Structure formats: structure tokens, C-alpha cells
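Data first, discussion second: the structure below is written as C-alpha cells.
Number of protein chains: 2
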Amino acid sequence: MTTPIRIALVGMGKIARDQHVPTIQQDPVFQLVATVSTSGGSVDDLPAFASLEALAASGVAVDAVSLCTPPQVRRAIAHSAIDQGWAVFLEKPPAATVSEAIALRDHARARGTGLFASWHSRHAPAVEPARVWLADRQVLDASIIWAEDVRQWHPGQDWIFEPGGFGVFDPAINALSIATQILPQALFVEGAAIDVPSNRGAAIAADVSLRTAAGAPVHARLDFLQRGRQRWDIAVRTNDGDLLLSDGGAALSINGDSLSVADALHGEYAGLYRRFAEIVPAREVDMDLAPLTLVADIHLVARRTEVDAFDW
Amino acid sequence: MTTPIRIALVGMGKIARDQHVPTIQQDPVFQLVATVSTSGGSVDDLPAFASLEALAASGVAVDAVSLCTPPQVRRAIAHSAIDQGWAVFLEKPPAATVSEAIALRDHARARGTGLFASWHSRHAPAVEPARVWLADRQVLDASIIWAEDVRQWHPGQDWIFEPGGFGVFDPAINALSIATQILPQALFVEGAAIDVPSNRGAAIAADVSLRTAAGAPVHARLDFLQRGRQRWDIAVRTNDGDLLLSDGGAALSINGDSLSVADALHGEYAGLYRRFAEIVPAREVDMDLAPLTLVADIHLVARRTEVDAFDW
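Going line by line, the protein sequences match chains A and B. Heads up, the first sequence is in the working numbering, so the first residue is 1 and it goes up one at a time. Heads up, the second sequence is in the working numbering, so the first residue is 313 and it goes up one at a time.
Quick look at the structure:
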């Protein structure tokens, strides 16, 4: 057992408290040494700072940072952290725009620091078995349904419906992160219809037509107003049977038969930090921009329809 | 003088006839050997084919192809051309989406064939002098005005207002190709307001807020309904004087004084083909995706407003 990786958390909102703090505290590979928050959030008795610059000036020894800030400020903070020589873990999406994400990737490569664009849904337990099963099969078509109730999962979070807040693409980028991981070919956007509430600036529902590089059609139905049973499903028909990945990657069935899926790591974030533990010492840049690029491409080609105003 | 590069033109629309054919025919480095067109366009007595597959099967010896097709079909054709081992010249934009352009770049690298994402405006005569002048100066702010009359420049071309047709970003991507070439830092999109006519699916005007990696604000005003004097101007204020690049890169003034700009190559397309002549034998991939990525990013973060219907 080597020395733990000394890590600071930046941006102490809900995802940091619900996922990052407990995951880091339960993983002996990491040692949480500080927090950074503009709103004063802290953890136990750890040193807490108001900015990355204050952390850097403090003398606290840091090997890596996890950035859980809103994406709008993530690039500048990540850039500074890379300049400090710290490895950087980026919550999803890795930046507010594709251009920013590319610049971060290039900067980390130039400086030789570790950088990780995390996609937590890829670490759901049934994703890797699905990828393996599909790897040597020919995809005929696929269907993504990502339908959840924004009032249940993001109550009162107006930022999500601001321009650049991603709207229904905030959860749907998880679906795209899984689809780009399990399908054996790249995905391209052919067209999209996006519904935007009359009083909001981001999508509340969308229908997206994609195609694999091999020509198979992939349809995605995204809905932020789903009542009753919530659905996070990806169904794939192949030349050799059908796959259904459901519950956001937690459950897998082949030709209608459920498979037992082990979750050895007990959670998506445990898997992410297991991966980050490889990235830090290797100074690796693991920055798959395909999910974010697809979301930008969808907005580039989409036809928009104004729909009923949305209020909480 | 070595053997000419044998080149075929694919997609025989207006840009192929107005620019590519005369440029290739005047350049001794290239020899136009065939055309490919689904609508039957041809040049002189050259062999004409209805598809890339027909050209490949014909026995006509080809070293390179220039793709002037609509962007929606460009990826598949470019992919096939790369598989043939032919170098590929892509008209702008290099593909319909960023994901497609990245896939082409990766495919050409894997196959070791030449690939060129052309940005013709970068070869306007005053662009390189502007880049050199700005290279060692600190940019304080910049302003882009790209205002032209779509009825004059694209009369009756309904495709430009279809979703994915780019609308006013069809000309504005030229401005972004120049700005990303002459400004010494990368550009990022912070916000945008896009006007879409009530009967159309793409922008007719836009205001875009960008920022350089060093923090300098850059504003772009894009308008497709400009009457009177057409404007394609980029103004840059620096710590050491002001630059105005006007007429789409044809004219340059520094602190209000016009500079004489030589156009040794007699046109943007002569410059593009001069560059392609380097790319083909070197099997180089020259694929700067920054302009296309910025256009996608703008659509990702934009607030949209429905404006008056547009008719020709």
C-alpha cells in the first residue's frame, strides 16, 4: 500500500455531498485533505477554502482535485489546477461547451497532468456486460428511452432550464455516455426535434435520430415530464439476439431473460474513483468527449418547438 | 516538376463550378481527371460518374478528391474516399456535425491518408498579416460584424434555413474561421441570442458573446438581412494599437491607416489548393475543427427568439 492520493473537493453542492465525499472517505486509495467552496461548504474539520488560489497558497499538500462546480466555471478552475500540476477529476459534463473541453484536454496533455472526464453512468453495473455482449454482434437498430420527472429529481433547480443548462439533456447525456460506451460503432446525429417551454431556455423533451457509423438507426426519446414509472432504458436489436439495458444501466436482459449482474464496487462513483486512481499516477488524460459532442450536435441540427410554460 | 496530382471533383454545384474547377485548371500541380455528381454535372470531356463507387470501379487513376457535396452526405463519401487511399479536400463546413468531423479525422489518421478541412476565408489576403500583427500583442477586446443580404448571396436557397442548414452561420463560420486563425488564444462561447424566423428552422440573425482563453471579451453580431453596404469586419483592440480586418479578410488597417495587402496567389481557393498540394504527398491531416465546434457550442448555449417569417 502506497501513500494515499491527497485530494481536494471543489464545489460543495449536492453531488459532492451525496456521492464524492462518502466515496472518497470509504476508499483507502484517497485521502480527502481540503474543500473549496464559494458558498462556505466544508467537511468535518478539514481545511476549507473560498478559491483554488487560496488552496494553492495554503501549503496544504494536494495531488488531485475533483471539480463538482457548475460547468460554466469549470474550465477556468480546471485550467488553474492543471497549472498547479494537480490531477483533475471533472464531474459530467466536463465543461460548458465542447471547445472548452477540448482546450482542457490539450492543456493537460501539454502539461503532462492526469485529467478525467467522468461519466458516472458508464460505471453502472450492467454497462460493461452489455458492452462485451454487443462487441462482436451486428447492431440492427437501437432505441433509447430516458424519461424522468424533473420535479422529482431536480426540484426547483431553475438553472437546469436556463440556456446552457442542458434541460432534459442533463440526464440524457448519461444515456449518451452509455450508448457510446456499449455500441461497437461511433454515433452520429441525423436530426432532432426539441421542445422548449415558452418560459424557459432549455429543452424539456426531445426526439433524436442518430445512426451508427455502420448505418444502424438509433432513436432516442427524452422526456422530463414522466409521471409514474421512471424509465432509463436502452434496447438494442442485433443479428444475434436482443439486449435490454434498463434502470440506467443497473439491469440487463438478453432475449427477455434477466441476467444477474454483480456490483462488486458498490456504486458508480466507486468505479469512477477506481479509474481515477489509475489516472493520477500514470498522468493519463481520459477525456472521451463523445457524449458532450453529441449533445452539441443535437442542438446544432435540431428543430425547436415552443411548448407549454413549465413551472414547478 | 513531378507528376501532377490527379484529382476528382465530387458534387458539382455552384461552389465547384465557380471556384474549384477554375482553380484546379489553372494550377499545374493538379490535373482534374473526373467528376462525380448525382445530378449529372460534368466538366468538358472528362469522365463523369454518378457515385464515388462508380469512379473507384472505373479504372481512372485518382490521387485525391475534393468534396463539394452538401455537408449532410459528406462524411460517408469522405469515409469511402479515405478507404480508397485517396487524399480528401473537404469544402467548409467539413461535415454536418462535430462528431462526424472527428470521426473523419480519426479515420484518416488511422489509414494514413491526407485530409484537409478547408476554410477558404483564412486564405483571404489580409488574414496572414493580421495574424502576424496580433501574435505578440495582448488582445483587450474584439468585435465581429458579419452582415450580408441572404437574398443577394443565397437567392432561393431554402436548404440554408432548414434545421442543420446553418442559416446565418453559413457565412458566419467564415468569420469564426478567421477569428480563430488571427487571435493568439482559443475562443470560448459564453452565451448567444439567436433569431429564427417563424417559418424556418435556422437562424437569420444572432448575437454571440465569446471570450478568449486569456479572458478578453469578443462579441459577434451576425445578420442575414443586411441592406446597403455589406459588412464582413473583425475589429481588435490591443494593448498596442487597434486592428481592423474588413471586406471578409481582404483589407487591413492598423490604427485607422490602411495597409497595402498583396494577393500573390490571386484568390482564396488558389491558397487552399496550394496548401492541399502539401497535404497530399505528406499524407497530412489538417483538420482544424475550432470553427465548426464553436458553431455547435453557440447552438448548445443559445437562447432562441422567434422572429418574423422569412420569404424570398
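Think of the CB as a built atom: it goes at the ideal place given N, C-alpha and C, for glycine as much as any other residue. These numbers come from a predicted model, not from an experiment.
Count the other CB atoms within 10 Å of the CB of His611 of chain B; is the residue buried (16 or more) or exposed (fewer)?
Residue mapping note: residue 611 of chain B aligns to position 299 of the second sequence, counting from 1. It is buried - the Cβ of His611 of chain B has at least 16 other Cβ atoms within 10 Å.
Which runs of the beta strand (DSSP E) spanning at least 3 residues fall entirely within the stretch 99-131 of chain A, listed in chain order?
115-117
So Thr315 of chain B is in the beta strand (DSSP E); what residue range does that whole segment cover?
Your numbering for residue 315 of chain B matches position 3 in the second sequence. Thr315 of chain B -> no beta strand (DSSP E), and no H or E assigned at all.
Close-in-space but distant-in-sequence residues of the same chain around Val218 of chain A (CB under 6 Å, 5 per side omitted)
Working through the first sequence from its first residue, we reach residue 218 of chain A at position 218. Result list for Val218 of chain A: Ala142, Leu210, in chain order.
Neighbourhood of Asp242 of chain A by C-beta distance below 8 Å, restricted to the same chain and skipping five residues each side
By one-based count along the first sequence, residue 242 of chain A stands at place 242. Around Asp242 of chain A: Ala235, Val236, Ile254, Asn255, Gly256.
Residue-chain proximity (Ser209 of chain A, chain B), Cβ-Cβ < 8 Å:
The residue labelled residue 209 of chain A in the question sits at position 209 within the first sequence. Not an interface residue.
Selection of the stretch 608-619 of chain B by Cβ proximity to chain A, strictly under 9 Å
Ala608, Asp609, Ile610, His611, Leu612, Val613, Ala614, Arg615, Arg616, Glu618
So Gly583 of chain B is in the alpha helix (DSSP H); what residue range does that whole segment cover?
Along the second sequence, one-based indexing puts residue 583 of chain B at 271. Segment 580-594, the alpha helix (DSSP H) holding Gly583 of chain B.
What are the complete beta strand (DSSP E) segments, minimum 3 residues, inside the stretch 179-239 of chain A?
187-197, 205-212, 217-223, 231-238
Please state whether DSSP places Asp329 of chain A in a helix, a strand or coil.
With chain A covering only 1 through 312, there is no way to say anything about residue 329 of chain A.
I want to verify the contact list: residues of chain A whose CB lies under 7 Å from the CB of Glu412 of chain B, in sequence order.
As a position in the second sequence, residue 412 of chain B is number 100, starting the count at 1. Under the 7 Å cutoff, chain A gives Phe188.
Apart from the five residues on each side of it in sequence, which residues of its chain come closer than 8 Å, Cβ to Cβ, to Ser51 of chain A?
Sequence index remark: in the first sequence, residue 51 of chain A carries index 51 (1-based). Val36, Thr38.
Any idea which residues DSSP pairs Val89 of chain A with across the strands?
Within the first sequence, residue 89 of chain A is the residue found at index 89, counting from 1. The sequence as given places Phe at residue 89 of chain A; Val does not occur at that position. Answer by DSSP bridge pairing, in chain order: A:Ser66, A:Phe116.
Cβ-based contacts, 8 Å cut-off: residues of the stretch 108-131 of chain A near chain B:
none
Report the option in B:Asp609, B:Asp623, B:Arg512, B:Glu474 whose CA atom is closest to the CA atom of Leu488 of chain B.
Here the question's residue 488 of chain B lines up with position 176 in the second sequence. If we check each option's Cα against that of Leu488 of chain B, B:Asp609 comes out closest.
Limits of the unbroken beta strand (DSSP E) element including Gln152 of chain A
Position 152 of the first sequence, counted from the first residue, corresponds to residue 152 of chain A. It is not in any beta strand (DSSP E) - Gln152 of chain A instead sits in the alpha helix (DSSP H) that spans 150-153.
By how many angstroms is the C-alpha of Val196 of chain A removed from the C-alpha of Ala447 of chain B?
Indexing the second sequence from 1 puts residue 447 of chain B at position 135. Indexing the first sequence from 1 puts residue 196 of chain A at position 196. The alpha-carbon atoms of Ala447 of chain B and Val196 of chain A are separated by roughly 42 Å.
For Ala459 of chain B: DSSP bridge partner residues
Reading the second sequence from its first residue, position 147 is the one you call residue 459 of chain B. In the DSSP output, where bridge partners are listed per residue, Ala459 of chain B has B:Asp535, B:Arg543.
Contact under 8 Å by Cβ, Ala514 of chain B with Gly468 of chain B:
Within the second sequence, the letter at position 202 stands for residue 514 of chain B. Within the second sequence, the letter at position 156 stands for residue 468 of chain B. No.
In the structure shown, what three-state DSSP assignment does Ser370 of chain B receive?
Residue numbering aside, residue 370 of chain B sits at position 58 when the second sequence is read from its first letter. The answer is helix: DSSP assigns Ser370 of chain B an H, G or I state.
Which residue marks the beginning of the alpha helix (DSSP H) containing Ile24 of chain A, and which one marks its end?
As a first step, residue 24 of chain A must be located in the first sequence, where it is residue number 24. From DSSP, the alpha helix (DSSP H) with Ile24 of chain A extends over 21-26.
Helix, strand or coil at Gly241 of chain A [DSSP, three-state]
Taking the first sequence and counting its residues from 1, one reaches residue 241 of chain A at position 241. Gly241 of chain A falls in the strand class under three-state DSSP.
Check this for me: beta carbons of Val98 of chain A and Phe116 of chain A, under 8 Å apart or not?
Stepping through the first sequence from its first residue, residue 98 of chain A is reached at position 98. Stepping through the first sequence from its first residue, residue 116 of chain A is reached at position 116. No, the pair does not count as a contact, with Cβ atoms beyond the cut-off.
In whole angstroms, what separates the C-alpha of Arg122 of chain A from that of Gln181 of chain A?
As a first step, residue 122 of chain A is located in the first sequence; it is residue number 122 there, counting from the start. As a first step, residue 181 of chain A is located in the first sequence; it is residue number 181 there, counting from the start. Their backbone Cα atoms lie some 7 Å apart in a straight line.
Just to check, is the beta-carbon of Thr617 of chain B closer than 7 Å to a non-hydrogen atom of the ligand MN?
Judged by which ligands are present, the structure shown has none, so any question about the ligand MN falls away.
Just verifying my parser: in three-state terms, what is the DSSP assignment at Arg75 of chain A?
The residue labelled residue 75 of chain A in the question sits at position 75 within the first sequence. Helix at Arg75 of chain A.
Quick one: what does DSSP say Ile97 of chain A is sitting in, helix, strand or coil?
For this step, residue 97 of chain A is matched to residue 97 along the first sequence. At residue 97 of chain A the sequence reads Thr, which differs from the Ile that was named. Secondary structure at Thr97 of chain A: coil, using DSSP grouped into helix, strand and coil.
Out of A:Val132, A:Glu278, A:Gln138, A:Ile82, state which residue places its alpha-carbon closest to the alpha-carbon of Gly112 of chain A.
In the first sequence, the residue the question calls residue 112 of chain A occupies position 112. It is A:Ile82.
Under the three-state DSSP convention, the category Asp308 of chain A falls into:
Counted from its first residue, the first sequence places residue 308 of chain A at position 308. Looking at Asp308 of chain A - three-state DSSP - the assignment turns out to be coil, as it is neither helix nor strand.
Taking 8 Å as the CB-CB cut-off, is Thr409 of chain B touching chain A?
Taking the first residue of the second sequence as position 1, residue 409 of chain B is located at position 97. Chain A contact via Cβ: present.
Alpha-carbon spacing of Tyr269 of chain A relative to Leu90 of chain A, whole angstroms
The count along the first sequence starts at 1 and reaches residue 269 of chain A at position 269. The count along the first sequence starts at 1 and reaches residue 90 of chain A at position 90. Approximately 12 Å, taken between the alpha carbons.
Within 8 Å of any Cβ in chain A, is that where the Cβ of Leu495 of chain B sits?
As a first step, residue 495 of chain B is located in the second sequence; it is residue number 183 there, counting from the start. So no, Leu495 of chain B is outside the interface.
Own chain, CB closer than 8 Å to Arg463 of chain B, minus 5 neighbours either side, in chain order
As a first step, residue 463 of chain B must be located in the second sequence, where it is residue number 151. Excluding sequence neighbours, Arg463 of chain B sits near Trp624.
Closest Cβ-Cβ distance between Arg387 of chain B and chain A: below 8 Å?
In the second sequence, counting from the first residue as 1, residue 387 of chain B sits at position 75. Answer yes: the Cβ-Cβ gap between Arg387 of chain B and chain A drops below 8 Å somewhere.
With 16 other Cβ atoms within 10 Å as the buried cut-off, status of Pro475 of chain B:
Here residue 475 of chain B refers to the residue found at position 163 when the second sequence is read from its first residue. Counting Cβ neighbours within 10 Å, Pro475 of chain B comes out buried, since at least 16 surround it.
So Leu272 of chain A packs on Ser42 of chain A, CB below 8 Å; how close in whole Å?
Mapped onto the first sequence, residue 272 of chain A falls at position 272. Mapped onto the first sequence, residue 42 of chain A falls at position 42. With a Cβ gap of about 23 Å, Leu272 of chain A and Ser42 of chain A do not count as contacting.
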